[in-house]
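*Asks:* Those protein sequence lines, which keep their order, are chains A and B.
For the first sequence, my numbering begins at 1357 and goes up steadily by one.
For the second sequence, my numbering begins at 1357 and goes up steadily by one.
The C-beta atom is built at its ideal place from N, Cα and C for all residues, glycine as well.
Please see the structure below; I have some questions.
There are 2 protein chains.
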Amino acid sequence: MPKVKSQITISLDGYMAGPNQSEENPLGEGGEALHEWAFKLASFNEMHGRGEAGERGPSDDVLRSTQENLGAVVIGRNMFGPVRGPWPDEEWKGWWGDDPPFHCPVYVLTHYPRDPFELENGNSFHFVTDGIEKAIAGAKEAADDQDVSVGGASTLQQTIAAGLLDEIVVTQVPVILGGGVRLFDHLAPGAAEVELAEVVEGAEALHLTYRLR
Amino acid sequence: MPKVKSQITISLDGYMAGPNQSEENPLGEGGEALHEWAFKLASFNEMHGRGEAGERGPSDDVLRSTQENLGAVVIGRNMFGPVRGPWPDEEWKGWWGDDPPFHCPVYVLTHYPRDPFELENGNSFHFVTDGIEKAIAGAKEAADDQDVSVGGASTLQQTIAAGLLDEIVVTQVPVILGGGVRLFDHLAPGAAEVELAEVVEGAEALHLTYRLR
């Protein structure tokens, strides 16, 4: 059965981005340290159209599996770009330029309507203004019998709160960021029943797969 | 070489105690769910003088090892009791009654002076008003060639910030508490260099040993 899933990397202190995120520094101060485990992997290069060179091993397997069977993506507006308020310019097509790494339909949760558009290699962007349930439902329909991936702190928190997240791979990197955006925040007590399903030790990161109900 | 070490259990969202801690509810709302993995273990029963019955296995081994070679303990005033401000009554000897589970000298970090006292089975309490460095130094001296264990959120954070914590076993329980006291909080970016040294999967909890520098 298709899943609604996510893979997020956090610091020892639980942050998925460092403090003071900005257009110049979308990962926040120190946030790039969270992703060094991934940058050198073969699967990361493949996702970003840079050939198949790179390291293999447990972390590569995990990253590869999170991209498998992926039919659609749901993200928050922060992940799409730094713009706030009404869209000033529909020429700007997101952080990634002409060839985003998704290669499938992407649903962007926003308060401000915008027309959908298509880019190269199967990427299309759809803007959803009526809440997380509608965004997930649209993505599920677009994904057909494949999985839906969810990204962005607030979007993930809303997905968990709505009982719509099936599985999350939490990748823990042993650094202290000291501030920023926490993954598990703004959740009600017992927001989901959680089960630790798999533990994978990578060379630089620990990958914990949780199933939610 | 003796270590300054700690073992702390946290929720998926990083809390070591639930919201609204009180004298009646020292673990905070929902906080007891953090410790269910331990209550049934043989080592837990032994620590609390209840014989050697109980479950054995990976979690029991971890809990037992955190108690080995233990010469002294440093805790915050919250862990000693609910009293705030100057000590109103030196008759009150802490949460645990006449036979606390430490069985060694305990150094309590506080702003308010109080005379030390001794209880049964090797327990003694010493009140330190001049900061974490002095508390750790006193405990190290008392521990001689054994380890010092540190407990309590604020005390641990101060120990990490001062560069005095050598090792911490973070036990993760897959529950969402939604609020409370976070273990890794109020820390500066890069407050310590951290290395994941060991991963142990228990039946109900995951034990991650980190070494700090």
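Would you please verify whether the beta carbon of A:A1394 is less than 9 Å from any beta carbon of chain B?
*Replies:* Chain B, which has no Cβ nearer than 9 Å to the Cβ of A:A1394, makes this no.
*Asks:* Is B:E1523 close to chain A, meaning its C-beta is less than 9 Å from at least one C-beta of that chain?
*Replies:* So, not an interface residue.
*Asks:* Counting only Cβ-Cβ distances shorter than 8 Å, please list the residues of the region 1540-1563 of chain B near chain A, keeping chain order.
*Replies:* So the close ones are F1540, D1541, L1543, A1544, P1545, G1546, A1547, A1548, V1550, E1551, L1552, V1555, E1557 and L1562.
*Asks:* Of all Cβ atoms in chain B, is any one closer than 9 Å to the Cβ of A:V1506?
*Replies:* Chain B, which has no Cβ nearer than 9 Å to the Cβ of A:V1506, makes this no.
*Asks:* Tell me, which residues are paired with A:G1441 by DSSP?
*Replies:* Note: A:G1441 sits in no beta bridge, so no partner.
*Asks:* If I measure Cβ to Cβ from B:K1496 and keep anything under 6 Å in the same chain, skipping five residues before and after, which residues do I get?
*Replies:* Same-chain partners within the cutoff: V1504.
*Asks:* Using beta-carbon positions only, say whether B:E1489 and B:F1481 come within less than 9 Å of one another.
*Replies:* Contact: no.
*Asks:* If you reduce the DSSP assignment to three classes, tell me which class A:G1507 lands in.
*Replies:* Correct three-state label for A:G1507: strand.
*Asks:* Are the beta-carbon atoms of B:G1386 and B:L1512 separated by less than 9 Å?
*Replies:* No. Outside cutoff.
*Asks:* If contact means a Cβ-Cβ distance below 7 Å, which residues of the region 1411-1440 of chain A contact chain B?
*Replies:* If the cut-off is 7 Å between Cβ atoms, the region 1411-1440 of chain A has nothing near chain B.
*Asks:* Pick out whichever of B:K1359, B:V1506, B:A1517 and B:R1470 has its Cα sitting closest to the Cα of B:W1448.
*Replies:* Of the listed residues, the one whose Cα sits closest to B:W1448 is B:R1470.
*Asks:* Specify the secondary structure class of A:L1390 as computed by DSSP and reduced to three states.
*Replies:* Here A:L1390 sits in helix by DSSP.
*Asks:* Helix, strand or coil: how does DSSP classify B:P1414 here?
*Replies:* Looking at B:P1414 - three-state DSSP - the assignment turns out to be helix.
*Asks:* For A:P1530, would you say it is in contact with chain B, using Cβ-to-Cβ distances shorter than 9 Å as the test?
*Replies:* Interface residue, yes.
*Asks:* Assuming A:G1558 and A:W1452 are in contact, meaning their beta carbons sit under 8 Å apart, how far apart are those beta carbons, in whole angstroms?
*Replies:* Their Cβ separation, rounded to whole angstroms, is 25 Å, which puts A:G1558 and A:W1452 out of contact at 8 Å.
*Asks:* Around the C-beta of B:S1378, are 16 or more other C-beta atoms found within 10 angstroms, so that it is buried, or is it exposed?
*Replies:* Exposed.
*Asks:* Just curious, the alpha helix (DSSP H) that A:F1458 is in, first and last residue?
*Replies:* No alpha helix (DSSP H) holds A:F1458; DSSP gives it neither H nor E.
*Asks:* In whole angstroms, what is the alpha-carbon distance linking B:E1476 and B:G1507?
*Replies:* Whole-angstrom Cα-Cα distance: 21 Å.
*Asks:* Out of B:M1357, B:A1544 and B:V1555, which one is the CA nearest neighbour of A:Y1371?
*Replies:* Nearest C-alpha to A:Y1371: B:A1544.
*Asks:* Using a Cβ cut-off of 9 Å, pull out every chain B residue sitting near A:E1385, in sequence order please.
*Replies:* Here the neighbours are P1545.
*Asks:* Could you please give the first and the last residue of the uninterrupted alpha helix (DSSP H) stretch that includes A:F1400?
*Replies:* Element bounds for A:F1400: A1398 to M1403.
*Asks:* Do you know how far the Cα of A:E1388 is from the Cα of B:Q1423?
*Replies:* If I take the Cα positions, the gap works out to 37 Å.
*Asks:* Using three-state DSSP, classify A:M1372 as helix, strand or coil.
*Replies:* If DSSP states are grouped into helix, strand and coil, A:M1372 belongs with the strands.
*Asks:* Rounded to a whole number of angstroms, what is the C-alpha to C-alpha distance between A:L1383 and A:L1368?
*Replies:* If I take the Cα positions, the gap works out to 16 Å.
*Asks:* Is B:P1382 close to chain A, meaning its C-beta is less than 9 Å from at least one C-beta of that chain?
*Replies:* It does not: the Cβ of B:P1382 has no partner Cβ on chain A nearer than 9 Å.
*Asks:* Opposite A:K1361 in the DSSP bridges: which residues?
*Replies:* The partner list for A:K1361 (beta bridge, DSSP) reads A:S1505 and A:E1523.
*Asks:* Assuming B:F1400 and B:V1429 are in contact, meaning their beta carbons sit under 8 Å apart, how far apart are those beta carbons, in whole angstroms?
*Replies:* With 8 Å as the limit, B:F1400 and B:V1429 do not qualify as a contact, their Cβ atoms being about 17 Å apart.
*Asks:* Quick check on B:R1538: buried or exposed, where buried means 16 or more other Cβ atoms within 10 Å of its Cβ?
*Replies:* The residue in question, B:R1538, is buried, as its Cβ has 16 or more Cβ neighbours within 10 Å.
*Asks:* Just to make sure I have the definition right: I need the residues of chain A whose C-beta is within less than 7 Å of the C-beta of B:L1533. Which are they?
*Replies:* Chain A residues near B:L1533: P1545.
*Asks:* Whose Cβ in chain B lies nearer than 7 Å to the Cβ of A:G1370?
*Replies:* Going along chain B in sequence order, the residues near A:G1370 (Cβ under 7 Å) are G1370 and F1540.
*Asks:* If the criterion is Cβ atoms closer than 9 Å, does the pair A:G1437 and A:G1450 meet it?
*Replies:* Yes, the Cβ-Cβ distance between A:G1437 and A:G1450 is below 9 Å.
*Asks:* Of all the residues that make up the region 1440-1471 of chain B, which are near chain A by a beta-carbon distance shorter than 7 Å?
*Replies:* Residues: none.
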